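In the working numbering, the protein residues as written are 933 to 1238.
This is the structure in structure tokens:
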């Protein structure tokens, strides 16, 4: 016998007033009920409930003196943090597009990724088959749904659906770019790492791209990020002896921010993180992977070192 959805998930609809009553019964101080009513109407109880957890004494009761505004401030901090992260990840993504296309075209020309079997690894396996085949399928998908003017221009002027590499990278997502990088010849991978001013193992850099893709997608979907534990975690760069220290958790946002700062070498990211933490002084930085002395760690301690 197959149960109906309502039998599997029996919770009934509750209006906003009912939900506020439940929160008050659990010990949450509303103070301004109209404000709380308005916020729940804009955000939704279910989304905001992810931010209740740090304030629970147990699953049914809030820590004494917790207010609705405390929870809302945590929500707002997380939202503003996503905005900052997304802004600087965009710069990394654009730089990666340029570095891949410029370096690959230098050795293999505009269409080497299609025509030269040495340009990309055609045999590399993935969890679902052959990575090169997945990459090519993704290209076709992106071309079919893209409305970029330059694609129409190339089709009409050259009577071709194939894109030169410098046009191709403009329609690829961060995740597909990371696959592109994984397929590159080893010497091109090293050259791209060097172009970021880094000395890193290729496997570490590839892992960073995959992990940053997850961070980017989390931000793009407006999901909670401040205390999230990411899988896969970032790999620690043993060749960069000054980088943070091994006690920093590699699956939290502080490590991701540190990776971004190393890749970008942009002091603006550091300044915005400091300003955001000052704006929201109640935020528990340790839940984000920050150490008490984080500003004394590379790459955070000196703008000159970047």
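All residues carry an ideal CB built from backbone N, CA and C; glycine is no exception. Keep in mind that this is a model prediction, so the values were computed, not measured.
- Query: residue 948 to residue 969, Cα distance in whole Å?
  - Reply: As a working mapping, residue 948 is identified with position 16 in the chain shown. As a working mapping, residue 969 is identified with position 37 in the chain shown. Rounded to the nearest angstrom, the two C-alpha atoms are 7 Å apart.
- Residue range of the unbroken beta strand (DSSP E) whose run includes residue 988: If you number the chain shown from 1, residue 988 lands on position 56. Looking at the DSSP string, the run of the beta strand (DSSP E) that includes residue 988 is 988 to 990.
- Query: Apart from the five residues on each side of it in sequence, which residues of its chain come closer than 7 Å, Cβ to Cβ, to residue 1258?
  - Reply: Here the chain covers residues 933 to 1238 and nothing more, so residue 1258 does not appear.
- Message: Within 8 Å, do at least three Cβ pairs link the stretch 966 to 981 to the stretch 1016 to 1035?
- Response: Taking a contact to require three or more Cβ pairs closer than 8 Å, the stretch 1016 to 1035 and the stretch 966 to 981 do not qualify as touching.
- Query: Three or more beta-carbon pairs under 8 Å between the stretch 994 to 1003 and the stretch 1132 to 1146, yes or no?
  - Reply: With a cut-off of 8 Å, the stretch 1132 to 1146 and the stretch 994 to 1003 do not count as touching, because too few Cβ pairs lie within range.
- Query: What's the gap between the Cα of residue 1190 and the Cα of residue 987?
  - Reply: In the chain shown, the residue the question calls residue 1190 occupies position 258. In the chain shown, the residue the question calls residue 987 occupies position 55. In this structure, the alpha-carbon of residue 1190 lies about 28 Å from that of residue 987.
- Query: Hey, residue 1078 and residue 1103: beta-carbon distance below 8 Å or not?
  - Reply: Numbered from 1 along the chain shown, position 146 holds the residue referred to as residue 1078. Numbered from 1 along the chain shown, position 171 holds the residue referred to as residue 1103. In this structure, residue 1078 places its C-beta atom within 8 Å of the C-beta atom of residue 1103.
- Cα-Cα separation between residue 1056 and residue 1144, rounded to whole angstroms: Locating residue 1056 in the chain shown gives position 124, where the first residue counts as 1. Locating residue 1144 in the chain shown gives position 212, where the first residue counts as 1. Taking the straight line from one Cα to the other gives about 22 Å.
- What does a CB cutoff of less than 7 Å around residue 1040 pick up in its chain, not counting 5 residues either side in sequence? The residue labelled residue 1040 in the question sits at position 108 within the chain shown. Correct list, in chain order: 1048, 1051.
- Message: Going by DSSP in three states, residue 1150 sits in which element: helix, strand or coil?
- Response: Reading the chain shown from its first residue, position 218 is the one you call residue 1150. Here residue 1150 carries a helix assignment [DSSP, helix/strand/coil].
- Classify residue 1151 as buried or exposed, calling it buried when 16 or more other Cβ atoms lie within 10 Å of its own Cβ. By one-based count along the chain shown, residue 1151 stands at place 219. Per the 10 Å Cβ criterion, buried.
- Other residues of its chain near residue 992: CB distance less than 7 Å, five sequence neighbours each side excluded: By one-based count along the chain shown, residue 992 stands at place 60. The beta carbon of residue 992 lies closer than 7 Å to those of 958 in the same chain, with the five residues before and after it left out.
- Message: Output needed for residue 1036: all residues of its chain with C-beta closer than 8 Å, excluding positions within five of it in sequence on either side, in chain order.
- Response: If you number the chain shown from 1, residue 1036 lands on position 104. For residue 1036, where only same-chain residues beyond five positions count, the Cβ hits under 8 Å are 1044, 1045, 1051, 1097, 1116, 1120.
- For residue 1109, collect the residues of the same chain with a Cβ closer than 6 Å to its Cβ; drop the 5 residues on either side in sequence, then sort them by chain order. Within the chain shown, residue 1109 is the residue found at index 177, counting from 1. Spatial neighbours of residue 1109 in its own chain (CB-CB distance under 6 Å, excluding positions within 5 residues in sequence) are listed in chain order as 1028.
- Of all the options 1231, 1212, 1217, 1113, which has the alpha carbon lying nearest to the alpha carbon of residue 892? Past the edges of the chain, shown from 933 to 1238, lies residue 892, and the structure says nothing about it.
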